[in-house]
Ligand SMILES: C[S@@+](CC[C@H](N)C(=O)[O-])C[C@H]1O[C@@H](n2cnc3c(N)ncnc32)[C@H](O)[C@@H]1O
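Residue numbers (the numbering used here): 21 to 253.
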């Protein structure tokens, strides 16, 4: 670990401990991972209750649906409710519900990881749907120099990239997985032009730094909407 990464990690740990920590969190003091996850969850909730960040809205209002719906979730037994996995149960329920209600014909995802969200999209989209999922090439398990030059690619990304799928993606283990098309490349310089105006639903779930999220979001807006929404800056 470089000195810069170490400093960044120390900063995050101290910040979370000071602001996310409370007496109850002392219970986890001997399990550093749970300790950090709990504090991060507290900070996330704090931001929601303080209305910091994007405004939140209930899913049924956002999607404008009233009736009950049935969704499929891949391997629900392994999902943490709040957990520190790349997407927890709440996230997966939300992705699956959005897919089920909006019935997209073409989905694009940045960030395959082990293929779990792709599997859930496959389970909750129409039979003839197609799901494109993009990740860094298997050989390029490290962040690319392009990403590094942003100096914002963080420790979380390095760890996630190391834990990526090495053998088969989970969508390959289900019948519906045949809807999934695996793509490799860095979303920073991936050519999205062939997908312009062809995507109905887009999940931005790749690199976790501001510059990457802005770029990925702008690409998502370009490929999804014919009305050309305003770009983020
Ligand atoms: C949070 S995980 C995705 C989790 C997955 N969507 C799920 O819910 O199952 C992030 C993934 O993005 C990939 N990634 C990071 N930077 C990327 C980039 N610049 N271009 C493409 N993929 C990237 C990582 O390799 C990692 O697999």
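Glycine residues also receive a C-beta, built at the ideal position from the N, C-alpha and C atoms.
Checklist entry - Do residue 157 and residue 204 have their C-beta atoms closer together than 8 Å? => result Along the chain shown, one-based indexing puts residue 157 at 137. Along the chain shown, one-based indexing puts residue 204 at 184. Yes; because the gap between Cβ atoms is below 8 Å, this pair is in contact.
Item to check | Ranges of the beta strand (DSSP E) found wholly within the stretch 187-216, counting only runs of at least 3 | outcome: Correct list: 200-204.
Checklist entry - Regarding residue 180 and ligand 1, is the C-beta to nearest heavy atom distance less than 7 Å? => result Working through the chain shown from its first residue, we reach residue 180 at position 160. Correct: residue 180 has its Cβ closer than 7 Å to ligand 1.
Item to check | Among 143, 117, 155, 36, the one whose alpha carbon lies nearest that of residue 227 | outcome: Working through the chain shown from its first residue, we reach residue 227 at position 207. Of the listed residues, the one whose Cα sits closest to residue 227 is 155.
Checklist entry - DSSP state of residue 32, grouped into three classes? => result For this step, residue 32 is matched to residue 12 along the chain shown. Look at residue 32 here: in three-state DSSP terms it is helix.
Checklist entry - Just reading off the alpha helix (DSSP H) that residue 230 is part of, what are its end residues? => result Locating residue 230 in the chain shown gives position 210, where the first residue counts as 1. Per DSSP, the unbroken alpha helix (DSSP H) holding residue 230 starts and ends at 230-244.
Item to check | Residues of its chain near residue 79, where Cβ-Cβ distance is below 7 Å and the 5 sequence neighbours each way are ignored | outcome: As a working note, residue 79 is residue 59 in the chain shown. The answer, listed in chain order, is 114, 117.
Checklist entry - Relative to the alpha-carbon of residue 196, which residue among 232, 176, 137 has its alpha-carbon at the smallest distance? => result Locating residue 196 in the chain shown gives position 176, where the first residue counts as 1. Comparing Cα-Cα distances from residue 196 to each of 232, 176, 137, the minimum goes to 137.
Checklist entry - Taking 7 Å as the line, does the beta carbon of residue 78 fall inside it for any heavy atom of ligand 1? => result Locating residue 78 in the chain shown gives position 58, counting from the first residue. No, the beta carbon of residue 78 sits no closer than 7 Å to any heavy atom of ligand 1.
Item to check | C-beta atoms of residue 202 and residue 153 nearer than 8 Å | outcome: The sequence position of residue 202 within the chain shown is 182, counting from 1. The sequence position of residue 153 within the chain shown is 133, counting from 1. For residue 202 and residue 153, yes; Cβs fall inside 8 Å.
Next on the checklist: Measuring only from the beta carbon, is residue 130 closer than 7 Å to any heavy atom that is part of ligand 1?
Outcome noted: Translated into the one-based positions of the chain shown, residue 130 becomes position 110. At least one heavy atom of ligand 1 is found less than 7 Å from the C-beta of residue 130.
Next on the checklist: Contact defined as beta carbons within less than 8 Å: I believe residue 145 pairs with residue 199. What is the distance between those atoms, to the nearest angstrom?
Outcome noted: Taking the first residue of the chain shown as 1, we reach residue 145 at position 125. Taking the first residue of the chain shown as 1, we reach residue 199 at position 179. Taking 8 Å as the upper bound for CB-CB distance, residue 145 and residue 199 are in contact here, some 7 Å apart.
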